[in-house]
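S.K.:
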Amino acid sequence: QVQLVESGGGLVQAGGSLRLSCAASGSILSRYRMAWHRQAPGKQRELVASITSSGATNYADSVKGRFTISRDNGKNTVYLQMNSLRPEDTGVYYCFAQHNIIVSSNYWGQGTQVTVSS
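Residue numbering for the sequence shown follows our numbering, starting at 8 and increasing by one per position.
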């Protein structure tokens, strides 16, 4: 069982930055592929960025060049650095963990709200 707790969300003006953190407990984070998803009001949840155990990253086209996902396996924590934020980045951001081998073993955090004002 993995527990994920996000933090770092808030209200920021367009062009500003935020850094989200996802602290994991209950298992060894290095055994999981990690990702950030977001859900805007009235829209489906979408993948923002992901990172494998070895550090390979993948980003949604809408955030490439602005967001950076990273992980510190020693601290069991994943980060999402968000720069040049836009109003369309507003939403609830969720941390997601998927076991590298048992892919059906996956977990979600409770989410953190990010609001970007224009």
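Where a beta carbon is used, it is the ideal one built from N, C-alpha and C, also for glycine.
Just so it is clear, the structure is predicted and the values come from calculations on it, not from any experiment.
1. Are residue 76 and residue 59 closer than 7 Å when you measure CB to CB?
2. With DSSP collapsed to three states, give me the class of residue 68.
3. Evaluate the contact criterion for the region 105-114 versus the region 77-97: three or more CB pairs, one atom per stretch, below 8 Å.
4. Could you work out which residue in 84, 42, 31 is closest to residue 9 when comparing CA atoms only?
5. Return helix, strand or coil for residue 36, following the three-state DSSP convention.
6. How about residue 17 and residue 28: do their beta carbons lie closer than 7 Å?
7. For residue 47 and residue 99, I'd like the C-alpha separation in whole angstroms.
8. How big is the Cα-Cα spacing for residue 21 and residue 49?
9. Which residue marks the beginning of the beta strand (DSSP E) containing residue 97, and which one marks its end?
M.R.: Taking the geometry as given:
1. Not in contact: residue 76 and residue 59 (Cβ atoms no closer than 7 Å).
2. Three-state result, residue 68: coil.
3. No: the two stretches stay apart, fewer than three of their Cβ pairs being nearer than 8 Å.
4. Considering only alpha carbons, the answer is 31.
5. In the structure shown, residue 36 adopts helical secondary structure according to DSSP, grouped into three states.
6. The answer is no: Cβ separation not under 7 Å.
7. Rounded to whole angstroms, residue 47 and residue 99 show a C-alpha spacing of 6 Å.
8. Looking at the two C-alpha atoms, the distance is approximately 21 Å.
9. Per DSSP, residue 97 is not a residue of any beta strand (DSSP E), being assigned neither H nor E.
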